[in-house]
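Note sheet for the following structure.
Residue numbers (my numbering): 7 to 233.
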């Protein structure tokens with residue numbers, strides 16, 4: 007289990023910019039039935055832990071004078087322009103109570119339908135919501151693509167091996183991945199013009215122009231007067 011050192015924080019609001027200049031991140035720790043705790047954590051250390059644990063693995067927050075607390079990384083706020091992490095929220099869990107979180111899907115193997123039949127692999131999901139005790143949350147859910155043997159075949163949630171340690175909160179008929187057929191590009195056939203076609207087309211246009219030039223400006227007016 008990853009650990010992250012933290013200190014209680016007495017700096018709030020705009021003054022937290024000073025923390026960031028010192029390489030620290032403002033953080034909040036909260037949970038059901040506990041009092042919120044304002045923290046500061048080393049930015050570099052958090053980035054390493056976050057890359058490893060994501061938002062679905064338990065992390066131990068080690069306080070300078072308050073022991074350690076098991077938490078999930080609940081929210082990471084970033085700068086909209088630079089994607090720099092600005093602040094973090096931690097949710098303290100009880101190890102004897104189930105929690106709901108999202109776990110990434112780990113696609114393994116190779117689909118024979120893609121390899122042998124030139125199919126297109128479509129990954130519909132990249133994570134699944136699970137419910138489990140904090141210590142039983144899987145780091146990932148493995149989906150073996152080698153099960154996709156034929157074109158237009160799919161892997162469903164119901165195809166995942168059932169585990170007694172966690173429950174997947176998704177419709178069993180939901181598609182996780184599938185293989186579709188290649189679509190042949192529709193090619194528009196363009197008629198190739200022969201020299202004879204060019205001559206005929208040119209003569210038709212010339213006759214049309216000559217016919218229009220022979221009409222007198224008053225012809226249309228005369229026709230209207232007769233009617």
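Even glycine gets a Cβ: it sits at the ideal position worked out from N, Cα and C. All of these numbers come straight from a predicted model, not from anything done at the bench.
Q | CA-to-CA distance, residue 187 to residue 52, given in whole angstroms | A | If you number the chain shown from 1, residue 52 lands on position 46. If you number the chain shown from 1, residue 187 lands on position 181. Going by the C-alpha atoms only, they are around 44 Å apart.
Next on the checklist: Would residue 80 and residue 109 qualify as a contact pair, given that the criterion is a beta-carbon distance under 8 Å?
Outcome noted: As a working note, residue 80 is residue 74 in the chain shown. As a working note, residue 109 is residue 103 in the chain shown. For residue 80 and residue 109, no; Cβs fall outside 8 Å.
Taking Cβ to Cβ, would you say residue 68 is nearer than 8 Å to residue 107?
Mapped onto the chain shown, residue 68 falls at position 62. Mapped onto the chain shown, residue 107 falls at position 101. Cβ atoms of residue 68 and residue 107: not closer than 8 Å.
_Reference residue 8; option with closest CA among 75, 37 and 24_ = For the purposes of this step, residue 8 is taken as the residue at position 2 of the chain shown. When only C-alpha atoms are compared, the closest one is 75.
query = Mapping DSSP to helix, strand and coil, what is residue 196?
reply = Reading the chain shown from its first residue, position 190 is the one you call residue 196. The predicted position of residue 196 is uncertain, since its pLDDT is 49 and thus under 50; a value taken from the coordinates is nonetheless stated next. Residue state, collapsed to three classes: coil.
What separation, rounded to the nearest whole angstrom, lies between the Cα atoms of residue 193 and residue 177? Position 187 of the chain shown, counted from the first residue, corresponds to residue 193. Position 171 of the chain shown, counted from the first residue, corresponds to residue 177. Residue confidence is low: residue 193 scores 44 on pLDDT, short of 50, so the model does not pin down where it sits. No coordinate-derived value is stated.
- Which residues mark the beginning and the end of the alpha helix (DSSP H) in which residue 134 is found? Locating residue 134 in the chain shown gives position 128, counting from the first residue. First-last for residue 134: 133-138, but that is the beta strand (DSSP E), not the alpha helix (DSSP H).
**Prompt:** Smallest Cα separation from residue 47: which of 58, 35, 40 and 39?
**Reply:** To locate residue 47, count along the chain shown from 1; it is residue 41. When 58, 35, 40 and 39 are compared, the shortest CA-CA separation from residue 47 is found for 35.
For residue 98, which three-state DSSP category applies? In the chain shown, residue 98 corresponds to position 92, counting from 1. Judged by DSSP in its simplified three-state form, residue 98 adopts strand.
(Q) Given a cut-off of 8 Å on the beta-carbon distance, is the pair residue 162 and residue 146 in contact? (A) As a working note, residue 162 is residue 156 in the chain shown. As a working note, residue 146 is residue 140 in the chain shown. It is not a contact, given that the beta carbons lie outside the stated cut-off.
Please classify residue 87 as buried or exposed, where buried requires at least 16 other C-beta atoms within 10 Å of its C-beta. If you number the chain shown from 1, residue 87 lands on position 81. Exposed is the call here.
Going by DSSP in three states, residue 176 sits in which element: helix, strand or coil? Your numbering for residue 176 matches position 170 in the chain shown. Residue state, collapsed to three classes: coil.
- Task: Examine the ligand GDP and report whether any of its heavy atoms sits within less than 7 Å of the Cβ of residue 38.
- Result: In the structure shown, the ligand GDP is absent, as is every other ligand, since no ligand is present at all.
Kindly indicate which three-state DSSP category residue 83 falls into: helix, strand or coil? On the chain shown, residue 83 is found 77 positions in, with the first residue counted as 1. Here residue 83 sits in strand by DSSP.
- Message: Here's the rule I'm using: 16 or more other beta-carbon atoms within 10 Å means buried, otherwise exposed. How should residue 99 be labelled?
- Response: Looking up residue 99 in the chain shown gives position 93. Under this definition residue 99 is a buried residue.
- Task: Assuming residue 3 and residue 131 form a contact by the criterion Cβ under 8 Å, report the distance between their Cβ atoms to the nearest whole angstrom.
- Result: The structure shown does not extend to residue 3, since the chain is modelled only from 7 to 233, so the question has no answer here.
Margin query: Which residue marks the beginning of the alpha helix (DSSP H) containing residue 22, and which one marks its end?
Written below: Working through the chain shown from its first residue, we reach residue 22 at position 16. Looking at the DSSP string, the run of the alpha helix (DSSP H) that includes residue 22 is 22-27.
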